[in-house]
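Trainee: Numbering (this note's numbering), first residue to last: 180 to 565.
For every residue, glycine included, the Cβ atom is placed at its ideal position computed from N, Cα and C.
Quick one: this structure, given as structure tokens, is what I'll be asking you about.
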């Protein structure tokens, strides 16, 4: 434990003032002890993993930072195999469940699964941060989301009976209600500390990936959508694509960021239809099916209520079309839009958290004035308003 440490030293954006108290918890017991104390005293606190999704004020933080730094990966007993007729050969691939401690690095985990011939995470290569933070955001990229492989988490939380004691709950993925960069954990419907993540992967006999599901990745690989390719090829291509956008941590100044600063907005299909025809968009809900009305007058007419078709827009396209160019910075500010990708805001050296937030608000204002779309920040903001 260190009495004072700056959040700038533990976040990829490199902004944030000093915390009054800092705890590095390297075991589950240390996590439980520290978290129980924080709840008992009700003092301000920040839970921190890899620091890749946190943007903090440069003012000092009068509270405690609890950084989860536990380690460990174990393969759980294989789930029961489906019944097969006598004499039928078992499938070449098998399901594998890995339990990964929250403090493990995400990309190191992906590299390990690819090396071990486990498919399911390969397109999530290069994402910085820790494993424990992954279900909070339901991380995703290049056609894969954590939701497709997440089996369950272990959550340290208050006892459901109402007693002021902590318990470790096994929470199935379905209870997390994962959505686009969203979960019950992020919304606050579930509160606690993620201790571990269970991932159901596929041991690939031919070391091939899940079907490629993103056009940019398919183009980079030179294959059609839906093709399964060598796991190593997917990882290499994703890392190359991310590096070209400054989205892989390195000595590249554009990588001093929190990755994508805004989520891609999801709007109604009607609203999306009013945008220019070249605006990128992806359907995220099925179109309503045709309704057959009965001819018999005595038969009640069924309800015509249908889910409103939803469409995901490209936040990067909206930002660019609103006149924000790559490398843009407000006069005198040390925060700037990435020179490689308009969706990332970067620290060009010595920026404050307030400068990052000011730039984010300016981008929001330009997009809202141009298109009537409010961009929602993706990172966790500490002491800042965007």
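Could you tell me the distance, in whole angstroms, from the CA atom of residue 369 to the CA atom of residue 488?
Mentor: If you take the alpha carbons of residue 369 and residue 488, they lie about 28 angstroms apart.
Trainee: Give the single residue among 222, 234, 224, 318 whose Cα lies nearest to the Cα of residue 188.
Mentor: Looking at the Cα atoms, 234 is the closest of the given residues.
Trainee: Looking only at C-alpha atoms, which of 518, 412, 295, 503 sits nearest to residue 544?
Mentor: Minimum Cα distance to residue 544 is reached at 503.
Trainee: Which two residues bound the contiguous beta strand (DSSP E) that contains residue 243?
Mentor: Segment 240 to 247, the beta strand (DSSP E) holding residue 243.
Trainee: Just to confirm, are residue 557 and residue 450 a CB contact at a threshold of 8 angstroms?
Mentor: No. Outside cutoff.
Trainee: Confirm, please, whether the CB-CB distance from residue 535 to residue 522 is below 8 angstroms.
Mentor: Contact flag unset, no.
Trainee: Per DSSP, residue 278 is paired with what?
Mentor: Answer is 253, 377.
Trainee: I think residue 302 touches residue 400, with their Cβ atoms under 8 angstroms apart; what is that distance to the nearest whole Å?
Mentor: At roughly 11 angstroms, the Cβ-Cβ gap does not stay under 8 angstroms, so residue 302 and residue 400 are not in contact.
Trainee: Can you grab the Cα-Cα spacing for the pair residue 355 / residue 366, in whole Å?
Mentor: About 10 angstroms.
Trainee: Measuring alpha carbon to alpha carbon, tell me which of 350, 309, 531 ends up nearest residue 194.
Mentor: The residue with the shortest Cα to Cα distance from residue 194 is 531.
Trainee: Looking only at DSSP bridge pairs, what is residue 323 linked to?
Mentor: Beta-bridge pairing links residue 323 to 320.
Trainee: Helix, strand or coil: how does DSSP classify residue 343 here?
Mentor: Residue 343 falls in the coil class under three-state DSSP.
Trainee: Let me check understanding here. Comparing Cα to Cα, which of 198, 563, 218, 561 lies closest to residue 337?
Mentor: Here the closest residue by C-alpha is 218.
Trainee: Alpha carbon to alpha carbon, how far is residue 240 from residue 463? Give it in angstroms, no decimals.
Mentor: Approximately 39 angstroms, taken between the alpha carbons.
Trainee: Who does residue 446 pair with in a DSSP beta bridge?
Mentor: Answer by DSSP bridge pairing, in chain order: 490.
Trainee: Express the C-alpha separation of residue 245 and residue 466 in angstroms, rounding to a whole number.
Mentor: Below a pLDDT of 50, predicted positions are generally treated as unreliable, and residue 466, at 46, falls in that range; the measurement from the model is reported next regardless. When rounded, the distance between both Cα atoms is 45 angstroms.
Trainee: May I have the straight-line CA-CA distance separating residue 256 from residue 348, to the nearest angstrom?
Mentor: So the two alpha carbons sit approximately 19 angstroms from each other.
Trainee: Can you check DSSP and say which residues form a bridge with residue 554?
Mentor: Answer is none; residue 554 lacks a bridge partner.
Trainee: Residue 509 by DSSP, collapsed to three states: which one?
Mentor: Of the three classes helix, strand and coil, the one that applies to residue 509 here is coil, per DSSP.
Trainee: Just mark residue 287 as buried or exposed, buried being the case when its beta carbon has 16 or more other beta carbons within 10 Å.
Mentor: By the 10 Å Cβ count, residue 287 comes out exposed.
Trainee: Based on Cα-Cα distance, which residue from 407, 409, 298, 230 lies nearest to residue 310?
Mentor: For residue 310, the nearest C-alpha among the options comes from 230.
Trainee: Along the chain, where does the alpha helix (DSSP H) containing residue 398 start, and where does it finish?
Mentor: Where residue 398 is concerned, the enclosing alpha helix (DSSP H) stretches over 394 to 400.
Trainee: Across which residues does DSSP place residue 361 in a beta bridge pair?
Mentor: 358, per the DSSP bridge assignment.
Trainee: Counting Cβ pairs closer than 8 angstroms, one from the segment 453 to 461 and one from the segment 202 to 218, do we hit at least three?
Mentor: Short answer: they don't touch.
Trainee: Excluding the five sequence neighbours on either side, which residues of its own chain have a C-beta within less than 6 angstroms of the C-beta of residue 203, listed in chain order?
Mentor: Result list for residue 203: 246, 248, in chain order.
Trainee: Taking DSSP as the reference, what is the three-state secondary structure of residue 522?
Mentor: Coil at residue 522, not helix or strand.
Trainee: So, helix, strand or coil for residue 332, using DSSP?
Mentor: Reduced to three states, the DSSP call for residue 332 is strand.
Trainee: Does the beta carbon of residue 234 sit closer than 8 angstroms to a beta carbon anywhere in chain E?
Mentor: The structure shown contains no chain E; it holds only a single protein chain.
Trainee: Flag this pair as yes or no: are the beta carbons of residue 304 and residue 289 separated by less than 8 angstroms?
Mentor: Cβ distance < 8 angstroms, so residue 304 and residue 289 count as in contact.
Trainee: Please classify residue 579 as buried or exposed, where buried requires at least 16 other C-beta atoms within 10 Å of its C-beta.
Mentor: No information on residue 579 is available, as it lies outside the stretch 180 to 565 that the chain covers here.
Trainee: Among the residues of its own chain, which have a CB less than 6 angstroms from the CB of residue 326, if the five just before and after it don't count?
Mentor: Excluding positions up to five away in sequence, the list reads 317, 357.
Trainee: By the DSSP assignment, the alpha helix (DSSP H) with residue 212 in it spans what residues?
Mentor: Residue 212 -> alpha helix (DSSP H) spans 207 to 220.
Trainee: Can you check which of these residues, 278, 206, 185, 191, is closest to residue 237 by C-alpha distance?
Mentor: It is 185.
Trainee: DSSP three-state call for residue 403: helix, strand or coil?
Mentor: Coil, per DSSP.
Trainee: Is it buried or exposed for residue 569, if we count other Cβ within 10 angstroms and need 16 for buried?
Mentor: Limits of the chain in this structure are 180 at one end and 565 at the other, which puts residue 569 out of reach.
Trainee: So the beta strand (DSSP E) residue 436 belongs to, where does it begin and stop?
Mentor: First-last of the beta strand (DSSP E) with residue 436: 436 to 439.
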